[in-house]
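Student: Handing you this structure, nothing more for now.
2 protein chains.
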Amino acid sequence: MLDVGVVHERADAARNRLKVLAAAESLFEEHGVANVTMDDIAAEAGVGKGTLYRRFVDKGGLAVALLDELERELQQRILRGAPPLGPGAPAADRLAAFVSAYLRFLDRQLDLVLMSETATPGARLRTGAHEFWRQHCVLLLQETDAPAPDISAEVLLAALSAEQVRHWLREDQLSVPKITKAMSGLARGLAGSGR
Amino acid sequence: MLDVGVVHERADAARNRLKVLAAAESLFEEHGVANVTMDDIAAEAGVGKGTLYRRFVDKGGLAVALLDELERELQQRILRGAPPLGPGAPAADRLAAFVSAYLRFLDRQLDLVLMSETATPGARLRTGAHEFWRQHCVLLLQETDAPAPDISAEVLLAALSAEQVRHWLREDQLSVPKITKAMSGLARGLAGSGR
DNA sequence: GACGTTAACGGACTGCAGTCCGTTTCGTCA
DNA sequence: TGACGAAACGGACTGCAGTCCGTTAACGTC
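Those sequence lines, one after another, are chains A and B. End of the first sequence = 195 in this note's numbering, gap-free, step of one. End of the second sequence = 390 in this note's numbering, gap-free, step of one.
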């Protein structure tokens with residue numbers, strides 16, 4: 001996602017990438033993701049606006065880059081971690097564990113994920129991370145012989161969009177454990193109904 | 196939604212509301228929803244920009260107003276039409292019929308619905324129409340004793356967001372009948388898993 | 001039908017996103 | 001180490017969303 005080192009990143013480019021990420025992180029932390037402008041970030045990083053956009057496309061792309069590390073960590077736990085999140089457990093259990101782990105991640109990074117998903121219409125469905133989660137869910141659902149695993153995976157992830165979860169959290173005042181219980185139950189239902 | 200007549204709408208206000216809606220409809224038709232600016236609409240309607248915003252809040256609100264009539268029609272068919280969409284059929288059948296009917300509606304008005312749902316983050320969950328669909332699904336799911344009908348209803352509608360359906364249609368090249376089949380099957384699953 | 005009140009109007013104005021292009025810096029090769 | 005081509009830089013510039021406030025017009029009252 002960060003394409004580090006692909007055909008050699010120039011020294012000034014690398015330097016600026018780090019300056020921008022550091023500036024964005026600290027400004028987001030201090031003022032909230034929604035209240036920081038791209039000009040703010042450019043100024044704080046001591047970099048021109050063109051440089052910002054050359055590297056990160058838009059504010060959503062910047063959010064994606066900042067989320068990258070945390071997402072990779074969750075992805076590693078899925079690929080090589082202990083069951084039930086990692087390999088070894090029954091597919092339905094792994095799916096429920098994924099829902100639970102993803103909701104915890106979302107709860108911590110809600111504003112950043114929201115930005116990455118809503119910067120532009122359809123952004124959520126175009127991130128590399130989404131493709132990873134989707135593929136993971138599809139594979140698990142296929143293992144249970146669920147009907148239409150492709151569709152079910154997208155349905156599950158649509159319900160786990162930052163927009164939806166934020167609404168449950170902030171408008172409906174649901175707690176993370178409540179959402180987790182309902183959504184992992186629902187995930188088991190999707191996995192189970194095919195057998 | 197349009198609050199027509201609430202505490203008397205002034206004559207000039209009514210006149211301008213119609214001029215704006217007509218202008219928006221024709222410009223959207225001609226250039227596509229995404230390519231029309233608020234200035235364009237104001238100019239075409241022969242009205243100041245302030246007037247536009249006073250009445251419709253933002254571009255999404257304008258889309259909501261344009262969709263209003265079509266949505267009401269579907270809502271009437273749900274409340275008073277023939278089964279299985281209207282009352283009389285088993286809840287699971289009604290839910291499947293709703294999914295099917297809603298997808299047809301969405302297919303016709305995709306760009307307008309997309310605008311109404313993505314104008315601002317969380318817009319989809321704040322429209323009056325969403326509240327109607329949600330309530331309808333919750334009631335049907337309650338009839339089948341499904342677990343967590345509130346959550347299941349939101350999950351279903353999240354999957355029927357304009358963003359998601361547009362992705363299935365345009366990126367994944369799925370046909371409306373294919374999506375309808377999968378999603379109404381899934382809706383039956385949500386309704387059925389509680390028995 | 002003049003008059004005052006109040007809602008509605010309109011367009012200049014502000015702020016932010018995103019682009020464009022002349023200038024600078026990097027890395028390479030002679 | 002000097003010089004060249006390519007890549008990256010930076011900030012002025014454009015366009016659109018949304019606001020603000022002085023002006024205008026509707027409508028109830030006498």
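Don't be surprised by glycine CBs; every beta carbon is placed ideally from N, CA and C.
Answer yes or no: do A159 of chain A and L190 of chain A have a C-beta to C-beta separation smaller than 8 angstroms?
Tutor: Here residue 159 of chain A is taken as the residue at index 159 of the first sequence, counted from 1. Here residue 190 of chain A is taken as the residue at index 190 of the first sequence, counted from 1. Cβ atoms of A159 of chain A and L190 of chain A: not closer than 8 angstroms.
Student: Quick one: what does DSSP say H331 of chain B is sitting in, helix, strand or coil?
Tutor: Numbered from 1 along the second sequence, position 136 holds the residue referred to as residue 331 of chain B. Note: H331 of chain B maps to helix in three-state DSSP.
Student: Anything in chain A within Cβ reach of G317 of chain B, meaning under 8 angstroms, just list it in chain order.
Tutor: Within the second sequence, numbered from 1, the residue matching residue 317 of chain B stands at position 122. Here the neighbours are E163, R166, H167.
Student: Taking only beta carbons into account, state which residues of the stretch 332-353 of chain B come closer than 7 angstroms to chain A, listed in chain order.
Tutor: For the stretch 332-353 of chain B, which is checked against every Cβ of chain A, the residues closer than 7 angstroms are P342, A343, I346, S347, E349, V350, A353.
Student: Anything in chain B within Cβ reach of L186 of chain A, meaning under 9 angstroms, just list it in chain order.
Tutor: Taking the first sequence and counting its residues from 1, the one referred to as residue 186 of chain A is at position 186. The contacting residues are P342, A343, I346, S347, V350, L385, S388.
Student: With a threshold of 8 angstroms, are at least 3 pairs of Cβ atoms found where one atom belongs to the stretch 73-92 of chain A and the other to the stretch 138-145 of chain A?
Tutor: Flag = yes, the stretch 73-92 of chain A and the stretch 138-145 of chain A touch.
Student: What residues in its chain sit with their C-beta under 6 angstroms from that of R188 of chain A, if we drop five residues either side in the sequence?
Tutor: Locating residue 188 of chain A in the first sequence gives position 188, counting from the first residue. The answer, listed in chain order, is A92, A96.
Student: Check the Cβ-Cβ distances between T118 of chain A and every residue of chain B, and say whether any is below 8 angstroms.
Tutor: Counting from 1 along the first sequence, the entry for residue 118 of chain A is found at position 118. Chain B, which has a Cβ nearer than 8 angstroms to the Cβ of T118 of chain A, makes this yes.
Student: Please classify G81 of chain A: does DSSP put it in a helix, a strand, or coil?
Tutor: On the first sequence, residue 81 of chain A is found 81 positions in, with the first residue counted as 1. In the structure shown, G81 of chain A sits in coil (DSSP, three-state: anything other than H, G, I, E or B).
Student: Indicate the three-state DSSP secondary structure (helix, strand or coil) for A284 of chain B in the structure shown.
Tutor: The count along the second sequence starts at 1 and reaches residue 284 of chain B at position 89. Looking at A284 of chain B - three-state DSSP - the assignment turns out to be coil, as it is neither helix nor strand.
Student: By Cβ distance below 7 angstroms, which residues in the same chain neighbour G46 of chain A in space, the five residues on each side in sequence not counted?
Tutor: Indexing the first sequence from 1 puts residue 46 of chain A at position 46. Counting only Cβ-Cβ distances below 7 angstroms, and skipping sequence neighbours, we find K19.
Student: Between L309 of chain B and chain A, is there a C-beta pair that is closer than 8 angstroms?
Tutor: Along the second sequence, one-based indexing puts residue 309 of chain B at 114. Chain A contact via Cβ: present.
Student: Residues of chain B with CB under 9 angstroms from L106 of chain A, in chain order?
Tutor: Residue 106 of chain A sits at position 106 when you count from the first residue of the first sequence. In chain order: nothing, as chain B lies at least about 14 angstroms away.
Student: Rounding to the nearest angstrom, what Cα-Cα distance links E9 of chain A and T51 of chain A in this structure?
Tutor: Position 9 of the first sequence, counting from 1, holds the residue named residue 9 of chain A. Position 51 of the first sequence, counting from 1, holds the residue named residue 51 of chain A. Each residue's alpha carbon lies about 14 angstroms from the other.
Student: For chain A, find out if any of its Cβ atoms is closer than 8 angstroms to the Cβ of M378 of chain B; answer yes or no.
Tutor: As a position in the second sequence, residue 378 of chain B is number 183, starting the count at 1. Taking Cβ atoms only, chain A reaches closer than 8 angstroms to M378 of chain B, which makes this a yes.
Student: Say whether chain A places a C-beta atom closer than 8 angstroms to the C-beta of L320 of chain B.
Tutor: The residue you call residue 320 of chain B lines up with position 125 of the second sequence. Chain A contact via Cβ: present.
Student: Does the stretch 60-70 of chain A come close enough to the stretch 115-129 of chain A to have 3 or more Cβ pairs within less than 8 angstroms?
Tutor: These segments touch.
Student: Closer than 7 angstroms by C-beta to Q270 of chain B: which residues in its own chain qualify, once you throw out the five before and the five after it? Chain order, please.
Tutor: Residue numbering aside, residue 270 of chain B sits at position 75 when the second sequence is read from its first letter. If we look at Q270 of chain B and ignore the five residues flanking it on each side, its Cβ neighbours are F327.
Student: Under three-state DSSP, which class holds G245 of chain B?
Tutor: As a first step, residue 245 of chain B must be located in the second sequence, where it is residue number 50. DSSP places G245 of chain B in helix when its eight states are reduced to three.
Student: With distances taken from CA atoms, which of B:V350, B:L222, B:K373, B:A377 is nearest G185 of chain A?
Tutor: Position 185 of the first sequence, counted from the first residue, corresponds to residue 185 of chain A. The shortest C-alpha separation from G185 of chain A is found at B:V350.
Student: Let me know the secondary structure DSSP gives T315 of chain B once reduced to three states.
Tutor: Translated into positions along the second sequence, residue 315 of chain B becomes position 120. T315 of chain B falls in the coil class under three-state DSSP.
Student: Hey, would you say V371 of chain B sits closer than 8 angstroms to D306 of chain B, going by beta carbons?
Tutor: Your numbering for residue 371 of chain B matches position 176 in the second sequence. Your numbering for residue 306 of chain B matches position 111 in the second sequence. Not in contact: V371 of chain B and D306 of chain B (Cβ atoms no closer than 8 angstroms).
Student: Is G60 of chain A near A123 of chain A, with beta carbons less than 8 angstroms apart?
Tutor: Within the first sequence, numbered from 1, the residue matching residue 60 of chain A stands at position 60. Within the first sequence, numbered from 1, the residue matching residue 123 of chain A stands at position 123. Their beta carbons are under 8 angstroms apart, which means G60 of chain A touches A123 of chain A by this criterion.
Student: Excluding the 5 residues preceding and the 5 following R275 of chain B in the sequence, name in chain order all residues of the same chain whose CB lies nearer than 7 angstroms to its CB.
Tutor: Numbered from its first residue, the second sequence carries residue 275 of chain B at position 80. Result list for R275 of chain B: G281, in chain order.
Student: Taking the straight line between their C-alpha atoms, what separation do you get for P344 of chain B and F223 of chain B?
Tutor: Position 149 of the second sequence, counted from the start, is the residue given in the question as residue 344 of chain B. Position 28 of the second sequence, counted from the start, is the residue given in the question as residue 223 of chain B. Near 37 angstroms, if we compare the C-alpha coordinates of F223 of chain B and P344 of chain B.
Student: DSSP three-state label for H226 of chain B, please.
Tutor: Locating residue 226 of chain B in the second sequence gives position 31, counting from the first residue. Helix, per DSSP.
Student: Alpha helix (DSSP H) containing R383 of chain B: first to last residue?
Tutor: Reading the second sequence from its first residue, position 188 is the one you call residue 383 of chain B. Taken as a continuous stretch (DSSP letters only), the alpha helix (DSSP H) holding R383 of chain B covers 371-387.
Student: Would you say the beta carbon of F98 of chain A comes nearer than 7 angstroms to a heavy atom of the ligand ATP?
Tutor: Ligands in the displayed structure: none, and consequently the ligand ATP is not present.
Student: Using the three-state DSSP reduction, which class does H203 of chain B fall into: helix, strand or coil?
Tutor: In the second sequence, residue 203 of chain B corresponds to position 8, counting from 1. In this structure, H203 of chain B counts as coil in the three-state DSSP scheme.
Student: Nearest to V294 of chain B by alpha carbon, out of B:A209, B:G387, B:T375?
Tutor: The residue you call residue 294 of chain B lines up with position 99 of the second sequence. Checking every option, the nearest Cα to that of V294 of chain B belongs to B:T375.
Student: Just verifying my parser: in three-state terms, what is the DSSP assignment at Q75 of chain A?
Tutor: Indexing the first sequence from 1 puts residue 75 of chain A at position 75. Q75 of chain A falls in the helix class under three-state DSSP.
Student: Looking at the structure shown, is S26 of chain A part of a helix, part of a strand, or coil, going by DSSP?
Tutor: Your numbering for residue 26 of chain A matches position 26 in the first sequence. S26 of chain A: helix per DSSP, three-state reduction.
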